[in-house]
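Residue numbers (this note's numbering): 15 to 204.
Cβ coordinates follow ideal geometry from the N, Cα and C atoms, glycine included.
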């Protein structure tokens, strides 16, 4: 049967950014130390400013409330609308510009051999998280309401800001996410 670990908003930690310019809510970190390989967080971005430099880190950023533009030292710019995706390296650090005002950014950060992808979605009714050997899912509910059901277990409710880790079992039960709202799915590969 698939494994399920709930990560309620009340258990997530607020931490300062590496450059001290803001705060982020850490949803998941593995291992749970400064030497993490996988880190998932949501940052409040209230003003334009520099991002933290994160050496040897591959980043995916999903703006949750409004568009964001990243301007790199070489003049290159990346732009994402709300619920779009930006993929970039942690060095050199860009400057974040807020063309539509403050936002929150969902962040997936990977180091070393860690692999994964962030998939922002609008949840309408239900969706299946396909079981694949060596794959885990992180489900983050940004708004709305949802339940997550792994195999024959009772549905687990998710409120806005909650997350869950799902470890599908390729040989048995299905994982069903049902509800309405905005989510970010993170598919993590072994």
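- Annotation for residue 173: the continuous beta strand (DSSP E) segment containing it runs 170–173.
- In the same chain as residue 93, and ignoring 5 residues on each side of it, the C-beta atoms closer than 6 Å to its own belong to 83, in chain order.
- In this structure, the beta-carbon distance from residue 174 to residue 138 does not fall below 9 Å.
- Assignment of residue 47 by DSSP, reduced to helix, strand and coil, places it in the coil class.
- The continuous beta strand (DSSP E) containing residue 77 extends over residues 71–77.
- Around the beta-carbon of residue 182, 16 or more other beta-carbon atoms lie within 10 Å, marking it buried.
- The continuous beta strand (DSSP E) containing residue 121 extends over residues 117–125.
- For the 9 Å CB-CB criterion, residue 101 and residue 74 form a contact.
- Counting only the Cα atoms, residue 142 lies some 17 Å from residue 148.
- Of the candidates 103, 144, 37 and 135, 103 places its Cα closest to the Cα of residue 126.
- Pairing residue 135 with residue 179, the inter-Cα distance amounts to about 17 Å.
- Taking residue 204 as reference, the option from 67, 77 and 129 with the minimal CA-CA separation is 129.
- By the CB criterion at 9 Å, residue 114 and residue 62 fall outside the cutoff.
- Burial state of residue 160 is buried, judged by a 10 Å Cβ sphere holding 16 or more other Cβ atoms.
- Burial of residue 121 is indicated by the presence of at least 16 other C-beta atoms within 10 angstroms of its C-beta.
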